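Order-wise, the sequence lines are chains A and B. For reference, each letter of the first sequence is one residue, going 84 to 193 in the numbering used here. For reference, each letter of the second sequence is one residue, going 38 to 157 in the numbering used here. Backbone N, C-alpha and C define an ideal beta-carbon position, used for all residues, glycine too. Here the structure is a predicted model, which is why all the values come from computation and not from measurement. Step one of this worksheet: look at the structure below.
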Amino acid sequence: RKEVEQDPGPFNVPEGATVAFNCTYSNSASQSFFWYRQDCRKEPKLLMSVYSSGNEDGRFTAQLNRASQYISLLIRDSKLSDSATYLCVVKGDNFNKFYFGSGTKLNVKP
Amino acid sequence: GAVVSQHPSWVICKSGTSVKIECRSLDFQATTMFWYRQFPKQSLMLMATSNEGSKATYEQGVEKDKFLINHASLTLSTLTVTSAHPEDSSFYICSARVLRTSGASTDTQYFGPGTRLTVL
Numbered sequence: 084r085k086e087v088e089q090d091p092g093p094f095n096v097p098e099g100a101t102v103a104f105n106c107t108y109s110n111s112a113s114q115s116f117f118w119y120r121q122d123c124r125k126e127p128k129l130l131m132s133v134y135s136s137g138n139e140d141g142r143f144t145a146q147l148n149r150a151s152q153y154i155s156l157l158i159r160d161s162k163l164s165d166s167a168t169y170l171c172v173v174k175g176d177n178f179n180k181f182y183f184g185s186g187t188k189l190n191v192k193p
Numbered sequence: 038g039a040v041v042s043q044h045p046s047w048v049i050c051k052s053g054t055s056v057k058i059e060c061r062s063l064d065f066q067a068t069t070m071f072w073y074r075q076f077p078k079q080s081l082m083l084m085a086t087s088n089e090g091s092k093a094t095y096e097q098g099v100e101k102d103k104f105l106i107n108h109a110s111l112t113l114s115t116l117t118v119t120s121a122h123p124e125d126s127s128f129y130i131c132s133a134r135v136l137r138t139s140g141a142s143t144d145t146q147y148f149g150p151g152t153r154l155t156v157l
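Put into structure tokens, the structure is as follows:
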């Protein structure tokens with residue numbers, strides 16, 4: 084079983100839509116959680132860290148559910164510029180181990 | 038966020054040559070840097086963890102003699118692809134770890150812009 088699993092998509096949504104991604108992780112001792120965004124042929128960029136209480140940054144909301152071992156990312160009022168691949172990253176209990184999901188592709192269409 | 042640079046951004050070389058890629062943390066010190074490889078339409082694959090002042094830790098299946106990593110200072114790690122072959126053509130990305138334990142503790146990675154290697 085993979086450490087981190089994501090639905091690869093693609094998610095094709097119209098502008099203005101709300102879209103949600105989930106990501107599950109296998110190690111219950113995982114300590115930190117992140118969402119990164121990767122544009123085509125570019126490096127991943129940190130979108131937001133995910134905290135136990137959930138956190139929001141503008142149109143983006145991240146949630147962590149430790150009991151069910153998943154994190155989610157909600158994007159409201161989608162923009163064309165949100166089109167990208169969203170990577171779920173989980174830091175394990177090993178000091179240096181970060182685990183990457185394979186990414187969920189989002190296409191926002193006019 | 039923290040800034041990480043990578044050089045060169047792209048390189049084309051002949052089969053059999055060696056290519057060195059540099060990864061620098063510009064405004065912070067990074068005791069740990071990571072090297073990844075990404076093939077088209079695939080996810081990032083961790084190659085190795087580079088620790089300042091010690092040997093790199095390689096992931097299973099990654100040849101340490103082919104992918105030489107040196108982390109000589111707190112702001113610089115290098116990856117050398119030795120005797121490159123066409124199958125080594127890929128997008129190589131480094132990241133630097135930012136670990137803060139004071140105040141609001143964080144442990145995140147910031148990525149360099151990547152190096153696109155093409156081996157003819």
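Asked	Found
Amino acids of chain A, ordered along the chain, whose beta-carbon sits closer than 8 Å to that of Ile80/B	It should be noted that the sequence gives Ser, not Ile, for residue 80/B. Going along chain A in sequence order, the residues near Ser80/B (Cβ under 8 Å) are Leu170, Phe183, Gly184, Ser185, Gly186.
Those residues which DSSP pairs with His44/B across a bridge	Glu59/B
C-beta atoms of Leu157/B and Ile49/B nearer than 8 Å	yes
The segment 88-104 of chain B: positions lying closer than 7 Å to chain A by Cβ	none
Residue-chain proximity (Gln146/B, chain A), Cβ-Cβ < 8 Å	yes
Candidates Gln146/B, Val118/B, Arg137/B, Ala85/B: closest to Arg153/B by CA position	Val118/B
Beta-carbon gap between Gln75/B and Cys131/B smaller than 8 Å	no
Terminal residues of the beta strand (DSSP E) in which Thr65/B lies	Looking at the sequence itself, residue 65/B is Phe, so the reference to Thr does not match. Per DSSP, Phe65/B belongs to no beta strand (DSSP E) and is neither H nor E.
N-terminal and C-terminal residue of the beta strand (DSSP E) that Ala85/B is part of	82-88
Residues of the segment 112-132 of chain A with Cβ closer than 9 Å to any Cβ of chain B, in chain order	Gln114, Ser115, Phe117, Tyr119, Gln121, Arg124, Lys125, Glu126, Pro127, Lys128, Leu129, Ser132
Nearest-angstrom Cα separation, counted from Asp64/B out to Ala167/A	27 Å
Short Cβ contact (8 Å threshold) for Gly175/A with Asn110/A	yes
Interfacial residues, the segment 103-132 of chain B to chain A, with Cβ spacing under 7 Å	Ile130
Beta carbon of Ser110/B nearer than 8 Å to that of Cys60/B	no
First through last residue of the beta strand (DSSP E) which encompasses Val99/B	Element bounds for Val99/B: n/a, residue is neither H nor E.
Under the three-state DSSP convention, the category Glu126/A falls into	coil
Neighbouring residues, chain B, relative to Asn179/A (Cβ below 9 Å)	Thr69, Phe71, Thr86, Asn88, Thr94, Arg134
Beta-carbon gap between Ser161/A and Ala103/A smaller than 8 Å	no
Amino acids of chain A, ordered along the chain, whose beta-carbon sits closer than 9 Å to that of Pro16/B	There is simply no residue 16/B to check, as chain B begins at 38 and stops at 157 in what is shown.
Below-8 Å beta-carbon distance, Lys85/A vs any chain B residue	no
According to DSSP, residues forming a beta bridge with Arg120/A	Lys128/A, Tyr169/A
Cβ pair Tyr134/A, Leu170/A closer than 8 Å	no
Distance between Tyr129/B and Lys188/A (C-alpha atoms, nearest Å)	21 Å
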